[in-house]
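Heads up, the thing below is written out as C-alpha cells.
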Amino acid sequence: KQEVTQIPAALSVPEGENLVLNCSFTDSAIYNLQWFRQDPGKGLTSLLLIQSSQREQTSGRLNASLDKSSGRSTLYIAASQPGDSATYLCAVWGGSNYKLTFGKGTLLTVNP
Amino acid sequence: NAGVTQTPKFRVLKTGQSMTLLCAQDMNHEYMYWYRQDPGMGLRLIHYSVGEGTTAKGEVPDGYNVSRLKKQNFLLGLESAAPSQTSVYFCASCDTNTGELFFGEGSRLTVL
Numbered sequence: 003k004q005e006v007t008q009i010p011a012a013l014s015v016p017e018g019e020n021l022v023l024n025c026s027f028t029d030s031a032i033y034n035l036q037w038f039r040q041d042p043g044k045g046l047t048s049l050l051l052i053q054s055s056q057r058e059q060t061s062g063r064l065n066a067s068l069d070k071s072s073g074r075s076t077l078y079i080a081a082s083q084p085g086d087s088a089t090y091l092c093a094v095w096g097g098s099n100y101k102l103t104f105g106k107g108t109l110l111t112v113n114p
Numbered sequence: 041n042a043g044v045t046q047t048p049k050f051r052v053l054k055t056g057q058s059m060t061l062l063c064a065q066d067m068n069h070e071y072m073y074w075y076r077q078d079p080g081m082g083l084r085l086i087h088y089s090v091g092e093g094t095t096a097k098g099e100v101p102d103g104y105n106v107s108r109l110k111k112q113n114f115l116l117g118l119e120s121a122a123p124s125q126t127s128v129y130f131c132a133s134c135d136t137n138t139g140e141l142f143f144g145e146g147s148r149l150t151v152l
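If you read the protein sequences in the order shown, they are chains A and B.
Counting in our numbering, the first sequence runs from 3 upward without gaps.
Counting in our numbering, the second sequence runs from 41 upward without gaps.
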C-alpha cells in the first residue's frame with residue numbers, strides 16, 4: 003500500500019526566506035506526483051505536476067523535483083511572501099490504479 | 041470557467057437523516073472522486089468513478105453511496121447520517137491525459 007509522508011508538519015519562516023518542503027513515498031512505481039496548495043476553508047489548487055519520466059517542474063517562484071528511485075520529492079519556494087502561507091500537500095498517482103494517495107500536508111506560515 | 045462545482049457548500053443534518061452531495065464538472069473528464077478531509081487524517085478517498093455508469097470503493101466507503109448517471113455529474117449520498125460523517129467533503133475530477141487533479145471548493149457537513 004502506498005504511503006506518503008510530508009515533513010515538516012508545520013513550518014514558520016520570515017518573509018524573504020527560501021524554503022524546502024519534503025515529500026516521501028513508499029512505492030516508487032508511480033505515474034506522477036502533484037503538489038497542491040490549500041488555503042483555510044478552501045479547496046485544493048494544483049501547483050505543479052511532475053510526470054514519472056520528469057525530474058523537475060518550475061512555475062514562477064516554485065520548483066518541484068522528483069527522485070522516483072529514492073521515493074522523494076521536494077517543493078522549493080524562493081523568496082517567500084506572506085501570501086504563500088497555506089497548507090501544501092503532495093499526492094502520488096500509482097501506475098496500476100486510478101487513485102491518488104495524499105500526504106497530510108505541511109502548514110506553512112510566512113511572517114511579515 | 042466553472043471547473044468542478046459542489047453543492048451544497050454547507051449543510052447541517054440530524055442523525056439518521058439522508059442527503060445527497062452533487063459534484064459537477066465541465067471539463068469532460070472521465071475520472072471523478074469523492075474525498076473527505078478530517079483534522080489529523082488528511083484526505084481519504086470515499087468512492088471514485090472511471091467513467092459514466094461506473095463506480096468503485098475507496099478507502100472509507102462505508103455509510104456512503106454514489107452514482108454516475110451522467111459523465112459530468114458524480115453524486116455522493118448518505119442514507120442515514122451519523123456524527124462520524126461530520127467532515128469536509130471534496131470532489132475532484134482528473135485529466136487522464138496528464139493525471140492532473142482538479143478540486144471543488146468543498147462541502148462542509150455537520151451531523152448532530
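Heads up, the beta-carbon is just placed ideally off N, CA and C, and yes, glycines get one too.
Runs of the beta strand (DSSP E) lying entirely within the region 18-49 of chain A and spanning at least 3 residues, in chain order: 21-27 and 32-40. In this structure the region 72-90 of chain A does not touch the region 50-70 of chain B; the number of beta carbon pairs closer than 8 Å is below three. Contact annotation, A:L49 with A:L35: C-beta distance approximately 11 Å; criterion of less than 8 Å not satisfied. Taken in chain order, the members of the region 45-59 of chain A whose beta-carbon sits within less than 8 Å of a beta-carbon on chain B are G45, L46, T47, S48, L51 and Q53. A:Q8: member of the beta strand (DSSP E) spanning V6 to I9, first to last residue.
For B:H87, the uninterrupted beta strand (DSSP E) run begins and ends at G82 to S89, by DSSP. When Cβ-Cβ separations below 8 Å define contact, A:Q36 makes contact with chain B. In the three-state reduction of the DSSP assignment, A:G85 falls in the helix class. With fewer than 16 other CB atoms across the displayed protein chains lying within 10 angstroms of its CB, A:I9 is exposed.
Taking B:L83 as the centre and dropping the five residues before and after it, the same chain places the C-beta of Y75, R76, Q77 and F130 closer than 8 Å to its C-beta, in chain order. Here A:E58 is bridged, per DSSP, to A:S67.
Looking at the DSSP output, A:R74 shares a beta bridge with A:S26 and A:D69.
C-alpha of B:A122 to C-alpha of B:L152: approximately 8 Å in a straight line.
Looking at the DSSP output, B:D78 shares a beta bridge with B:G82. Where B:M59 is concerned, the enclosing beta strand (DSSP E) starts and stops at M59 to Q65. Comparing C-alpha distances from B:G80 to each of A:E5, A:A11 and A:I79 shows the shortest one belongs to A:A11. Within the same chain, and ignoring the five residues on either side of B:V44 in sequence, the residues whose Cβ sits closer than 7 Å to its Cβ are C63, Q65, C131, A132, S133, F142, F143 and G144.
Taking a Cβ-Cβ cut-off of 8 Å, the neighbours of A:G105 in chain B comprise G82, given in sequence order.
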